[in-house]
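J.: The structure under discussion is supplied below as structure tokens; questions concerning it will follow.
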Amino acid sequence: MSAPVSRCSERSPIEYVWAAGPGSKSHIEAAVDALMNTLRGDGRQWGPYNEPLARTEFRRRLEAAERGELEPVDEVDDLKTGTAGWLYEIRWSGISVRYLDEEGKPAYYDAEVRAIHGEPPRLPMHVIGVHVHEKVWWNDDPARTEAAQNAEIQLAVGKFWGLEPSNWGLV
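Below, the structure is given as structure tokens:
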């Protein structure tokens, strides 16, 4: 049996909805803000060049998702959570993040970022963004990497189902 395919890959337009609400921005811009916020802190530094580049990468991928143009597995993948076909993650790799190393000198690393969304059958023209996070790798401890990822997925599952009674904020 093949894995479910996200609406974000079906070559048909859909609407990306950020479930936390867009405030005064579009849903995509609200999601871009959330993605950037997940990469802040821990001595990280954003400047006039790397922040606009990261924001552009996030925005372009979400806009491609709305056009149904994401490529499965590299850009969007099913979350094997027991709700197959309902929850997916949009993936970014190689987001350049500047930080200060132990000696206080600028250094860079490439972050992997995930935006988890749901695709409820009763809302066939929408995907509902519920959670974003940085995927952290512990190369010396794959079990720790998997546990951290699973914890993020469980947060997303809780948010997704917690919003169901309100139809994820949609009429």
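Residue numbers (the working numbering): 997 to 1167. Glycine is no exception: its CB is placed at the ideal position from the N, C-alpha and C atoms.
Using the beta-carbon count (16 or more within 10 Å), is serine 1089 buried or exposed?
T.: The sequence position of residue 1089 within the sequence shown is 93, counting from 1. Label assigned to serine 1089: exposed.
J.: On the CB-based measure, 16 or more other CB atoms within 10 Å of its CB, does tryptophan 1133 come out buried or exposed?
T.: Taking the first residue of the sequence shown as position 1, residue 1133 is located at position 137. So tryptophan 1133 counts as exposed.
J.: Contact criterion: CB-CB distance below 7 Å. Does glutamate 1099 meet it with respect to chain B?
T.: Going by chain labels, chain B is absent from the structure shown, which holds only one protein chain.
J.: What is the DSSP secondary structure of valine 1153, reduced to helix, strand or coil?
T.: Stepping through the sequence shown from its first residue, residue 1153 is reached at position 157. Note: valine 1153 maps to helix in three-state DSSP.
J.: Let me know the secondary structure DSSP gives leucine 1159 once reduced to three states.
T.: On the sequence shown, residue 1159 is found 163 positions in, with the first residue counted as 1. Reduced to three states, the DSSP call for leucine 1159 is helix.
J.: Beta strand (DSSP E) containing arginine 1083: first to last residue?
T.: As a working note, residue 1083 is residue 87 in the sequence shown. The sequence shown places leucine at residue 1083, rather than the arginine named in the question. Counting along the chain, the beta strand (DSSP E) containing leucine 1083 begins and ends at 1083–1096.
J.: Specify the secondary structure class of alanine 1015 as computed by DSSP and reduced to three states.
T.: The residue labelled residue 1015 in the question sits at position 19 within the sequence shown. Three-state result, alanine 1015: coil.
J.: Using three-state DSSP, classify arginine 1110 as helix, strand or coil.
T.: On the sequence shown, position 114 is the one that residue 1110 refers to. Strand at arginine 1110.
J.: Exposed or buried, which one is alanine 1015 when buried takes at least 16 other CB atoms within 10 Å?
T.: Walking along the sequence shown from the start, residue 1015 turns up at place 19. With 16 or more Cβ atoms within 10 Å of its Cβ, alanine 1015 is classed as buried.
J.: Leaving out the 5 sequence neighbours to the left and right, which residues in its chain are closer than 7 Å to leucine 1151 when beta-carbon positions are compared?
T.: If you number the sequence shown from 1, residue 1151 lands on position 155. Correct list, in chain order: His1127.
J.: Taking only three categories from DSSP, how would you classify arginine 1003?
T.: The sequence position of residue 1003 within the sequence shown is 7, counting from 1. Helix at arginine 1003.
J.: Where does glutamate 1071 land, buried or exposed, given buried means 16+ other C-beta within 10 angstroms?
T.: On the sequence shown, residue 1071 is found 75 positions in, with the first residue counted as 1. Under this definition glutamate 1071 is a buried residue.
J.: Mind checking valine 1109: buried by the 16 CB within 10 Å criterion, or exposed?
T.: Locating residue 1109 in the sequence shown gives position 113, where the first residue counts as 1. So valine 1109 ends up on the buried side.
J.: Tell me which same chain residues have a C-beta within less than 6 Å of the C-beta of glutamate 1098, skipping the five on either side of it?
T.: Translated into positions along the sequence shown, residue 1098 becomes position 102. No residues qualify anywhere along the chain.
J.: On the CB-based measure, 16 or more other CB atoms within 10 Å of its CB, does leucine 1058 come out buried or exposed?
T.: Against the sequence shown, residue 1058 aligns to sequence position 62. So leucine 1058 counts as buried.
J.: Smallest Cα separation from glycine 993: which of Ile1091, Ala1107, Gly1019 and Ile1149?
T.: The requested residue 993 does not occur in the structure, where the chain is confined to residues 997 to 1167.
J.: Which word fits aspartate 1136, buried or exposed, when buried means at least 16 other C-beta atoms lie within 10 angstroms of its C-beta?
T.: For this step, residue 1136 is matched to residue 140 along the sequence shown. Exposed is the call here.
J.: Assign aspartate 1073 to one of three DSSP states: helix, strand, or coil.
T.: The count along the sequence shown starts at 1 and reaches residue 1073 at position 77. Looking at aspartate 1073 - three-state DSSP - the assignment turns out to be strand.
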